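2 protein chains.
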Amino acid sequence: MKKLINAPDAVLAESLDGLAAAHADILTLGDERKFVRRRHLITGKPALISGGGAGHEPLHAGFVGSGMLDAACPGQVFTSPTPDQMIAAASAVDTGGGVLFIVKNYEGDVMNFAMAAEMTDSRNLTVIVDDDVAVEKSTFSTGRRGVAGTLIVEKVVGAAAEAGMALDALKALGERVNAGTRSMGVALTSCTVPAAGKPTFTLGEDEMEMGVGIHGEPGRRRVKLAPADQIAEEIVGAIAGDLKQTGDCILLVNGFGGTPSIELYLMFNAARKQLEKHGLRVGRALVGNYVTSLEMAGCSITVSMLDDEIAKFWDTPVHTAALNWGQRS
Amino acid sequence: MKKLINAPDAVLAESLDGLAAAHADILTLGDERKFVRRRHLITGKPALISGGGAGHEPLHAGFVGSGMLDAACPGQVFTSPTPDQMIAAASAVDTGGGVLFIVKNYEGDVMNFAMAAEMTDSRNLTVIVDDDVAVEKSTFSTGRRGVAGTLIVEKVVGAAAEAGMALDALKALGERVNAGTRSMGVALTSCTVPAAGKPTFTLGEDEMEMGVGIHGEPGRRRVKLAPADQIAEEIVGAIAGDLKQTGDCILLVNGFGGTPSIELYLMFNAARKQLEKHGLRVGRALVGNYVTSLEMAGCSITVSMLDDEIAKFWDTPVHTAALNWGQRS
Numbered sequence: 007m008k009k010l011i012n013a014p015d016a017v018l019a020e021s022l023d024g025l026a027a028a029h030a031d032i033l034t035l036g037d038e039r040k041f042v043r044r045r046h047l048i049t050g051k052p053a054l055i056s057g058g059g060a061g062h063e064p065l066h067a068g069f070v071g072s073g074m075l076d077a078a079c080p081g082q083v084f085t086s087p088t089p090d091q092m093i094a095a096a097s098a099v100d101t102g103g104g105v106l107f108i109v110k111n112y113e114g115d116v117m118n119f120a121m122a123a124e125m126t127d128s129r130n131l132t133v134i135v136d137d138d139v140a141v142e143k144s145t146f147s148t149g150r151r152g153v154a155g156t157l158i159v160e161k162v163v164g165a166a167a168e169a170g171m172a173l174d175a176l177k178a179l180g181e182r183v184n185a186g187t188r189s190m191g192v193a194l195t196s197c198t199v200p201a202a203g204k205p206t207f208t209l210g211e212d213e214m215e216m217g218v219g220i221h222g223e224p225g226r227r228r229v230k231l232a233p234a235d236q237i238a239e240e241i242v243g244a245i246a247g248d249l250k251q252t253g254d255c256i257l258l259v260n261g262f263g264g265t266p267s268i269e270l271y272l273m274f275n276a277a278r279k280q281l282e283k284h285g286l287r288v289g290r291a292l293v294g295n296y297v298t299s300l301e302m303a304g305c306s307i308t309v310s311m312l313d314d315e316i317a318k319f320w321d322t323p324v325h326t327a328a329l330n331w332g333q334r335s
Numbered sequence: 007m008k009k010l011i012n013a014p015d016a017v018l019a020e021s022l023d024g025l026a027a028a029h030a031d032i033l034t035l036g037d038e039r040k041f042v043r044r045r046h047l048i049t050g051k052p053a054l055i056s057g058g059g060a061g062h063e064p065l066h067a068g069f070v071g072s073g074m075l076d077a078a079c080p081g082q083v084f085t086s087p088t089p090d091q092m093i094a095a096a097s098a099v100d101t102g103g104g105v106l107f108i109v110k111n112y113e114g115d116v117m118n119f120a121m122a123a124e125m126t127d128s129r130n131l132t133v134i135v136d137d138d139v140a141v142e143k144s145t146f147s148t149g150r151r152g153v154a155g156t157l158i159v160e161k162v163v164g165a166a167a168e169a170g171m172a173l174d175a176l177k178a179l180g181e182r183v184n185a186g187t188r189s190m191g192v193a194l195t196s197c198t199v200p201a202a203g204k205p206t207f208t209l210g211e212d213e214m215e216m217g218v219g220i221h222g223e224p225g226r227r228r229v230k231l232a233p234a235d236q237i238a239e240e241i242v243g244a245i246a247g248d249l250k251q252t253g254d255c256i257l258l259v260n261g262f263g264g265t266p267s268i269e270l271y272l273m274f275n276a277a278r279k280q281l282e283k284h285g286l287r288v289g290r291a292l293v294g295n296y297v298t299s300l301e302m303a304g305c306s307i308t309v310s311m312l313d314d315e316i317a318k319f320w321d322t323p324v325h326t327a328a329l330n331w332g333q334r335s
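Chains A and B are the protein sequences, given in the same order. Quick note on my numbering: the first sequence kicks off at 7 and runs consecutively. Quick note on my numbering: the second sequence kicks off at 7 and runs consecutively.
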């Protein structure tokens with residue numbers, strides 16, 4: 007295992023300390039590093055709290071800040087956070103507007119967030135994200151997995167909360183965004199969880215896992231490595247076939263951590279051409295490592311339908327460690 | 007070779023097409039993809055032009071836009087751009103204020119930019135960046151290599167140009183930033199140039215290359231993999247020993263492409279603690295994949311001295327594909 011770490015069991019804590027030191031203007035750590043919270047809260051605004059296993063950085067802690075999340079609860083690598091983390095986070099960031107939990111659809115996350123939702127004193131609602139069209143159920147999920155579309159839900163709902171939308175409406179908006187969002191990924195290599203010390207799965211030198219999950223869960227099939235255009239055709243075909251909509255969309259090409267930018271933009275180019283064949287036009291674009299699987303090589307493609315309201319909230323300024331833009335032209 | 011590509015000789019062109027499509031509000035491609043240029047030029051502002059071999063994305067094309075570069079000339083992967091590219095770029099973006107070329111110190115780049123500087127009709131000056139303290143000369147360089155510090159020169163000088171600074175003063179500022187900037191990197195794995203089809207170098211399962219160059223050039227020594235704290239101690243020690251300054255600095259922990267965010271923030275945490283021992287305080291921070299070597303695993307640490315003027319220009323809003331922030335709090 008070749009990693010820039012000191013000890014497997016210290017990776018998350020030391021990385022969180024680095025995050026907090028690098029972005030002290032934006033965020034701060036909760037006691038015992040139970041959560042990462044926005045430094046400057048807005049009184050009365052519903053608080054958005056997400057979380058999940060580490061190893062998907064910058065999701066979620068990198069999205070804490072103005073216009074997005076109020077807190078993120080990191081579990082150990084690929085391990086759900088525990089309910090006490092979400093309860094502590096809610097207590098720290100609920101300023102009277104209640105709490106919206108945004109949860110990726112994995113059994114551990116769903117269960118632990120549900121327990122927190124029952125036990126917290128905060129009025130709260132939950133949005134479940136399940137955008138992965140690759141498989142109908144998976145190793146850690148009943149129903150579809152929540153993957154890179156989570157970023158889009160967090161951005162849009164985060165902007166709406168900042169603009170004054172109330173808790174019930176935020177939940178409805180989040181569910182509407184999720185309903186219009188589909189993703190699918192492909193892995194060229196595995197990743198290695200520090201505590202495990204060996205790759206989560208193995209792929210032959212000429213193989214790829216089509217439809218892989220963000221914890222290395224199996225996808226649809228293991229096939230020979232194919233050209234980028236062919237990969238894009240299959241993924242976009244799966245997404246468009248399931249989405250059954252046409253019009254303007256956000257196209258997110260998301261790197262899993264080990265694939266360089268030059269390939270991600272090449273995949274973006276391949277994906278946008280495929281989208282046109284399905285009557286989908288790229289209205290907004292995002293390319294980079296946002297919902298990763300440690301150092302896994304590969305990427306996912308996410309398509310999220312746009313309307314005027316969603317476009318407005320997507321374009322709103324955001325100031326977090328990982329997603330950062332001012333007033334867009 | 008496992009890459010998301012169609013054909014090795016089409017990688018750069020298809021990736022540039024993706025970049026241009028994803029960021030059409032910011033940038034546009036020159037004829038024959040000779041350069042990437044800022045879409046909206048400012049009349050009379052000195053134009054900043056950089057460039058170099060591809061494979062280091064987002065450097066340089068990802069830094070084209072408001073507050074940073076006016077154009078970037080990409081060569082093939084790890085190959086210098088040719089003089090006609092810089093001449094065409096200068097012709098496209100010089101709006102009367104002259105041109106400042108920002109060049110990483112590699113023989114091919116320096117020679118080709120010098121030829122362009124002679125042949126272009128634009129009044130022009132050049133800043134050479136040579137921030138890498140690892141070795142005094144290298145495979146492709148006479149004198150020190152230019153690496154991740156280039157980003158800092160481009161950001162600071164870009165902001166100064168936007169604020170109205172004239173060409174001569176911009177060159178002086180760029181040289182002042184370079185003089186206060188030091189970097190050094192470490193590789194845990196090699197990368198594979200698409201046209202070569204095999205790794206640039208090989209490392210044992212327990213080895214790392216301390217002081218590696220961004221094209222995989224040899225560093226100071228090949229050693230056993232060490233804990234992050236020990237790596238940070240050696241790199242920061244080399245930087246501080248050469249820099250011989252104390253005070254506030256920018257700390258950039260730059261991923262080479264294959265190392266995940268969780269490790270980069272851990273390295274940031276390790277590096278900032280080491281800096282304190284040398285009387286260097288982190289006044290500004292940047293962590294991410296900015297000056298990469300395709301999918302190489304590893305990172306570099308860059309320290310750049312701050313003063314009021316440099317801090318002001320660092321903080322100025324920037325709107326590019328890869329570096330993007332509004333008014334900072």
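From the three backbone atoms N, C-alpha and C, an ideal C-beta is built for every residue, glycine too. Being a predicted model, the structure only gives us computed values, none of them experimental.
Asked                                                                                                                                                                          : Found
Could you give the first and the last residue of the continuous beta strand (DSSP E) run that contains G1/B?                                                                   : Residue coverage of chain B in this structure runs from 7 to 335, which leaves residue 1/B outside it and unanswerable.
Between the Cα of V133/B and those of L106/B, V192/B and D314/B, spot the shortest distance and give me the residue it belongs to.                                             : L106/B
Output needed for V218/B: all residues of its chain with C-beta closer than 6 Å, excluding positions within five of it in sequence on either side, in chain order.             : G191, A193 and G225
Report buried or exposed for E211/B, applying the criterion of at least 16 other Cβ atoms within 10 angstroms of its Cβ.                                                       : exposed
Which whole-angstrom value describes the C-beta separation of V324/B and G73/B, a residue pair presumed to lie in contact below a C-beta threshold of 8 Å?                     : 4 Å
Do you know offhand how far G243/B's Cα is from G289/B's?                                                                                                                      : 19 Å
Ends of the beta strand (DSSP E) at L257/B?                                                                                                                                    : G253 to G261
Taking the alpha carbon of A13/A as the reference point, which residue from G285/B, L272/B and I307/B has its own alpha carbon closest?                                        : L272/B
List, from N- to C-terminal side, the beta strand (DSSP E) runs of 3 residues or more that fit wholly inside the stretch 109-142 of chain A.                                   : 130-135
Please report the straight-line C-alpha distance between A30/A and R45/A, rounded to a whole angstrom.                                                                         : 8 Å
Relative to the alpha-carbon of M125/B, which residue among S97/B, A277/B, T85/B and V162/B has its alpha-carbon at the smallest distance?                                     : S97/B
My output table needs one value for L344/B: the three-state DSSP class, helix, strand or coil.                                                                                 : Not covered by the structure: residue 344/B. The range shown for chain B is 7 to 335.
When the Cβ atoms of the stretch 225-242 of chain A are set against those of the stretch 134-154 of chain A, are three or more pairs found closer than 8 Å?                    : yes
Check whether the stretch 291-306 of chain A touches the stretch 30-44 of chain A, taking contact to mean three or more Cβ pairs, one atom from each stretch, closer than 8 Å. : no
Would DSSP call S299/B helix, strand or coil?                                                                                                                                  : coil
Give the secondary structure of E315/A by DSSP, where H, G and I count as helix, E and B as strand, and everything else as coil.                                               : helix
Given a cut-off of 9 Å on the beta-carbon distance, is the pair E269/A and V109/B in contact?                                                                                  : no
Have a look at G304/B and D174/B and give me their C-alpha separation to the nearest angstrom.                                                                                 : 37 Å
Excluding the five sequence neighbours on either side, which residues of its own chain have a C-beta within less than 8 Å of the C-beta of G230/B, listed in chain order?      : The sequence shown places Lys at residue 230/B, rather than the Gly named in the question. Excluding residues within five positions, the ones whose Cβ falls inside 8 Å are D212, E213 and M214.
Short of 6 Å in beta carbon distance, which residues of its chain neighbour S95/B, apart from the five on each side in sequence? Order them along the chain.                   : Inspection of the sequence shows that residue 95/B is occupied by Ala rather than by Ser. Excluding sequence neighbours, A95/B sits near F41, I55, A77 and C79.
At a Cβ cut of 8 Å, what residues of the stretch 57-72 of chain A count as close to chain B, listed as they run along the chain?                                               : A60, G61, E63, P64 and G68
Excluding the five sequence neighbours on either side, which residues of its own chain have a C-beta within less than 8 Å of the C-beta of S196/B, listed in chain order?      : P205, T206, F207, T208, L209, G222 and M302
Give the range of the beta strand (DSSP E) segment to which S56/A is assigned.                                                                                                 : A53 to A60
Would you say D254/A faces chain B, with C-beta separation under 9 Å as the test?                                                                                              : no
On a Cα-Cα basis, can you pick out the residue from G170/B, R151/B and A28/B that is closest to L257/A?                                                                        : A28/B
To which residues of the same chain is L65/B closer than 6 Å at the C-beta, ignoring the five residues directly before and after it?                                           : V297
If I'm right that L157/A touches F84/A with Cβ under 8 Å, what's the distance once you round it to whole angstroms?                                                            : Actually they do not touch by this definition, with Cβ atoms about 18 Å apart.
May I ask you to list, following chain order, the residues of the stretch 13-44 of chain A that have a beta carbon less than 8 Å from some beta carbon of chain B?             : A13, V17, L18, E20, S21, L22, D23, G24, L25, A27, A28, H29 and D31
Short of 9 Å Cβ to Cβ, which residues in the stretch 158-179 of chain B face chain A?                                                                                          : none
Is the CB-CB distance between S306/B and E63/A below 9 Å?                                                                                                                      : no
Using a Cβ-Cβ cut-off of less than 7 Å, list which residues of the stretch 176-203 of chain B approach chain A; keep chain order.                                              : L194 and T195
Can you list, in chain order, the residues of its chain whose CB lies under 8 Å from that of W331/A, leaving out five sequence neighbours each side?                           : P323 and V324
Please name the residue or residues paired with P14/A in a DSSP beta bridge.                                                                                                   : Paired residues: none, contrary to the question.
Where does K250/B land, buried or exposed, given buried means 16+ other C-beta within 10 angstroms?                                                                            : exposed
Between the beta-carbon of F319/B and the beta-carbon of V163/B, is there less than 9 Å?                                                                                       : yes
DSSP state of K279/A, grouped into three classes?                                                                                                                              : helix
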